[in-house]
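Encoded as structure tokens, the structure appears first; notes follow it.
2 protein chains.
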Amino acid sequence: MSARTTLTVRLGGGRDYPIHIGAGILGEAELLRPHLPGRQVMVVTNETVAPLYLDALAPALEGLERREVVLPDGEAHKTLATVAGIWDALLDAGFHRTATVLALGGGVVGDIAGFAAACYQRGVAFVQVPTTLLAQVDSSVGGKTGVNHPLGKNMIGAFHQPRCVLADVATLDTLPERELRAGLAEVIKYGLIRDPDLFAWLEARMPALLARERRALVEAVAHSCRNKAAVVAADEREAGQRALLNLGHTFGHAIERVLGYGIWLHGEAVAAGMVLAARLSVEMGWLEPAALERIVALLEAAGLPTAPPREADGGAMLEAMGLDKKVADGRWRLVLLRGIGRAVVTDAFDRNALERLLGAG
Amino acid sequence: MSARTTLTVRLGGGRDYPIHIGAGILGEAELLRPHLPGRQVMVVTNETVAPLYLDALAPALEGLERREVVLPDGEAHKTLATVAGIWDALLDAGFHRTATVLALGGGVVGDIAGFAAACYQRGVAFVQVPTTLLAQVDSSVGGKTGVNHPLGKNMIGAFHQPRCVLADVATLDTLPERELRAGLAEVIKYGLIRDPDLFAWLEARMPALLARERRALVEAVAHSCRNKAAVVAADEREAGQRALLNLGHTFGHAIERVLGYGIWLHGEAVAAGMVLAARLSVEMGWLEPAALERIVALLEAAGLPTAPPREADGGAMLEAMGLDKKVADGRWRLVLLRGIGRAVVTDAFDRNALERLLGAG
Chain A
1 MSARTTLTVR LGGGRDYPIH IGAGILGEAE LLRPHLPGRQ VMVVTNETVA
51 PLYLDALAPA LEGLERREVV LPDGEAHKTL ATVAGIWDAL LDAGFHRTAT
101 VLALGGGVVG DIAGFAAACY QRGVAFVQVP TTLLAQVDSS VGGKTGVNHP
151 LGKNMIGAFH QPRCVLADVA TLDTLPEREL RAGLAEVIKY GLIRDPDLFA
201 WLEARMPALL ARERRALVEA VAHSCRNKAA VVAADEREAG QRALLNLGHT
251 FGHAIERVLG YGIWLHGEAV AAGMVLAARL SVEMGWLEPA ALERIVALLE
301 AAGLPTAPPR EADGGAMLEA MGLDKKVADG RWRLVLLRGI GRAVVTDAFD
351 RNALERLLGA G
Chain B
362 MSARTTLTVR LGGGRDYPIH IGAGILGEAE LLRPHLPGRQ VMVVTNETVA
412 PLYLDALAPA LEGLERREVV LPDGEAHKTL ATVAGIWDAL LDAGFHRTAT
462 VLALGGGVVG DIAGFAAACY QRGVAFVQVP TTLLAQVDSS VGGKTGVNHP
512 LGKNMIGAFH QPRCVLADVA TLDTLPEREL RAGLAEVIKY GLIRDPDLFA
562 WLEARMPALL ARERRALVEA VAHSCRNKAA VVAADEREAG QRALLNLGHT
612 FGHAIERVLG YGIWLHGEAV AAGMVLAARL SVEMGWLEPA ALERIVALLE
662 AAGLPTAPPR EADGGAMLEA MGLDKKVADG RWRLVLLRGI GRAVVTDAFD
712 RNALERLLGA G
């Protein structure tokens, strides 16, 4: 694979869009401009990313009517009030239906900006320029946007697809080590769900990824987006297939909830959650113990946790899982593994085995 | 036509939905229940409608987990804060993704409740039970939802289609006379846009409609919904065809803006706006003067205004029209008439004729 590549996410209905992946592509106008319906662009970013990459993005927006909203950094600001502030800015600037909202930042910025775009004048164009590995491999594909509510994460939001994604792996140079590792948890997840070749490639290339070799990063982002796009294209609104993307997430969300959000990064919680899902799969005889060992070894190589923190005892975990919004109408479903690259959504799991696993039996 | 009928709005992708139209159908569980994905229903209504029709609706929801949000009456409350209150209520009640939001009321209630449904957990089921003529013939078809912003009407919102619409013309018994007439303006609009037979039928049946004869009301609602549904099905996101539905609205919105919202009802402003559109069409030689006379006569028979109020002088009207969000990227487009039942969207109108017409030449 060369140091740049383009995928097309197939959604049909004239909504197909490209993901451009490369190093140093942030300012390339020709990648971006064909996807802007008008001349007005509202860049939504945060106070950490703005000084790092706003100037690098500028050439791509030259000659347009450009405004910025610079948010404070952090998930604490992923609220309806923040989105309302973006709507105020759009209206203050007299932005029309043909305006574009461009998210420059990580998943939080993308979720907020995407939701602002989804509901401004009932939907305007949205472009993602993700600057974290997690956002590049996860949040920028799938169309999920939204904000948190005091009573739950991502409770208010919309599905709104971008017109274009620019994933510049050069922006990962400034990403804190811990966030890079957390992003790799999601890359490993795609391997586990449906791509055994990706999993094997990760076993070989983890050192290169941790060293931020650009060619390796481009390949990791491209394989991740390709896998996620395939799942999302088959099931845009998360009725069936798409639930596979939640591998490790029911456990992971429970860990985050028990610890308090923000103590562990999402990717860290998902890593431990994937090991729990794999252990339960082994308990039920669905997964070879050798596969579990490979999974643990790869997560360890990525410097990720492979077990929940001590604070997440069995009772607390089960209670937190019962509140998870992915549990449809009170019925428990989990994503488990029948092999590396072969995840299944099931309600036919052994509840007793689950409780033993969590130490709540 | 019998005193009840059912239309199906064809949207494709498993999103087709029925509009049940009849008298006294509000409490019929068998019309509603097949469209609820789960057992949780949040009824959104207002303090005027609740005492009139909440009890009549109750049998349709028997045995379900039902909650209510009763809003204050009036468009002043069509705000993001009101929608946020509905989200709070949904989360306080622990409502899942399989919950349904049911709007019982007029267009304002429907717009607010629909937007709440659109963005709760990225979209839950929505049912419309419109209790005004305007909502029955207009707002309950097309999927537009949203709220106002201090800087513009309907600036924040989403497209979100209902699973089912129950239009009970018996609820129109309590509708103030003026609101009935304003609703008829939109019925007349459908005739003008694309249905000359409906226009002729209205010329014959206006006295029956004003007397609230149920059979006539069912027929008017059904013909209106059928026309709107046909336009919307062809063009769900308002790129082309759907703009025809704005006949009289660019002028009408300008009248509302100049007078201040709420002085004239929306339908009244649209009535005067349709006459302006017809007059401009005559000026340009597109419409026979005899057709203009029929239009004015029918609107007068419905007790609707056929000219803007004196306060709406030409300069103010033009300025207000320039701000209209239907003007794409600064380019003026208007919906004009080439005959009764034959509206066209055009930017090829005579600007000087327009200014003469508005007295701003």
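Sequences listed follow chains A and B, in order.
Each step along the first sequence adds one to the number in our numbering, with nothing skipped, and position 61 is 61.
Each step along the second sequence adds one to the number in our numbering, with nothing skipped, and position 23 is 384.
Glycine included, C-beta positions come from ideal geometry on N, C-alpha and C.
Keep in mind that this is a model prediction, so the values were computed, not measured.
Asked, Found
"Checking 8 Å against the spacing of the C-beta atoms, do leucine 659(B) and glutamate 564(B) come in under that value?", "yes"
"Give the residues from the region 461-489 of chain B that approach chain A closer than 9 Å (Cβ to any Cβ), ordered along the chain.", "Phe476, Ala479, Cys480, Tyr481, Gln482, Arg483 and Gly484"
"Should lysine 439(B) be flagged as near chain A, meaning a C-beta pair shorter than 8 Å?", "no"
"Look up lysine 144(A) in the DSSP assignment and give the residues it is bridged to.", "Phe159(A)"
"Comparing C-alpha positions only, which one of Gly38(A), Ile19(A), Arg10(A) and Glu256(A) sits nearest to valine 137(A)?", "Ile19(A)"
"Note down the Cα distance separating alanine 125(A) from glycine 146(A), rounded to an integer number of angstroms.", "16 Å"
"Please report the straight-line C-alpha distance between alanine 50(A) and alanine 113(A), rounded to a whole angstrom.", "14 Å"
"Identify, in the order they occur along the chain, each residue of the same chain with its Cβ nearer than 6 Å to the Cβ of arginine 215(A), setting aside the five sequence neighbours on each side.", "Ala3"
"Suppose contacts are defined by Cβ-Cβ distances below 8 Å. Is alanine 543(B) in contact with glutamate 629(B) by that definition?", "yes"
"Restricting to Cα atoms, I'd like to know which of Glu408(B), Met678(B), Lys505(B) and Leu463(B) is closest to alanine 590(B).", "Lys505(B)"
"With DSSP as the reference, identify every bridge partner of isoleucine 380(B), one or two as the case may be.", "Leu368(B) and Val526(B)"
"Could you say which of Cys225(A), Gly123(A) and Ala58(A) lies nearest to leucine 133(A) if we only look at CA atoms?", "Cys225(A)"
"Spell out whether any CB of chain B is found under 8 Å from the CB atom of histidine 249(A).", "no"
"Quick check on this structure: which residue in Lys550(B), Ala561(B), Ala479(B) and Leu626(B) has the alpha carbon closest to the alpha carbon of glutamate 540(B)?", "Leu626(B)"
"Do we get a CB-CB distance below 8 Å when we pair tryptophan 448(B) with the residues of chain A?", "yes"
"From the beta carbon of histidine 396(B), is the nearest beta carbon of chain A less than 8 Å away?", "no"
"I think alanine 450(B) touches methionine 516(B), with their Cβ atoms under 8 Å apart; what is that distance to the nearest whole Å?", "About 24 Å separates the two Cβ atoms, so there is no contact after all."
"What does a CB cutoff of less than 6 Å around histidine 656(B) pick up in its chain, not counting 5 residues either side in sequence?", "Checking the sequence, you will find isoleucine at residue 656(B) rather than histidine. So the list reads Ala639, once near-sequence residues are dropped."
"Which of the three DSSP states is assigned to proline 34(A) in this structure?", "helix"
"Is the beta carbon of threonine 707(B) less than 8 Å from the beta carbon of leucine 695(B)?", "yes"
"Give me whichever residues DSSP pairs with arginine 342(A) in a beta bridge.", "Gly339(A)"
"Candidates Val275(A), Arg242(A) and Leu52(A): which alpha carbon is nearest glycine 252(A)'s?", "Val275(A)"
"Please report how far the alpha carbon of arginine 404(A) lies from the alpha carbon of alanine 81(A), in whole angstroms.", "Outside the displayed span of chain A (1 to 361) sits residue 404(A), for which this structure offers no information."
"Taking only beta-carbon positions, decide if leucine 151(A) is within less than 8 Å of chain B.", "yes"
"If contacts are defined as beta-carbon pairs under 8 Å, then leucine 358(A) and glycine 322(A) qualify, I think. What distance do you get, rounded to the angstrom?", "At roughly 12 Å, the Cβ-Cβ gap does not stay under 8 Å, so leucine 358(A) and glycine 322(A) are not in contact."
"Unbroken alpha helix (DSSP H) runs of length 4 or more, entirely within the region 584-621 of chain B: which are they?", "610-620"
"Per DSSP, what are the beta-bridge partners of glycine 513(B) in this structure?", "His510(B)"
"Tell me the DSSP secondary structure of threonine 461(B) in three-state form.", "strand"
"Between which two residues does the beta strand (DSSP E) holding phenylalanine 126(A) run?", "125-130"
"Mapping DSSP to helix, strand and coil, what is glutamate 288(A)?", "coil"
"Please name the residue, chosen from Ala208(A), Pro162(A) and Leu166(A), that lies closest to leucine 184(A) on a Cα-to-Cα basis.", "Ala208(A)"
"Run the proximity test for leucine 372(B): is its beta-carbon closer than 7 Å to any non-hydrogen atom belonging to the ligand COA?", "The model on display carries no ligand, and the ligand COA is accordingly not part of it."
"Would you kindly report the start and end of the unbroken alpha helix (DSSP H) that includes leucine 91(A)?", "80-92"
"Quick one: which chain B residues come within Cβ less than 8 Å of phenylalanine 95(A)?", "Ordered by position in chain B, no residue passes the 8 Å Cβ test against phenylalanine 95(A), which lies about 10 Å from the chain."
"Which residue wins for smallest C-alpha separation from alanine 633(B), given the options Pro511(B), Ala572(B) and Ile616(B)?", "Ile616(B)"
"Quick check: what's the CA-CA separation for aspartate 16(A) versus isoleucine 86(A)?", "26 Å"
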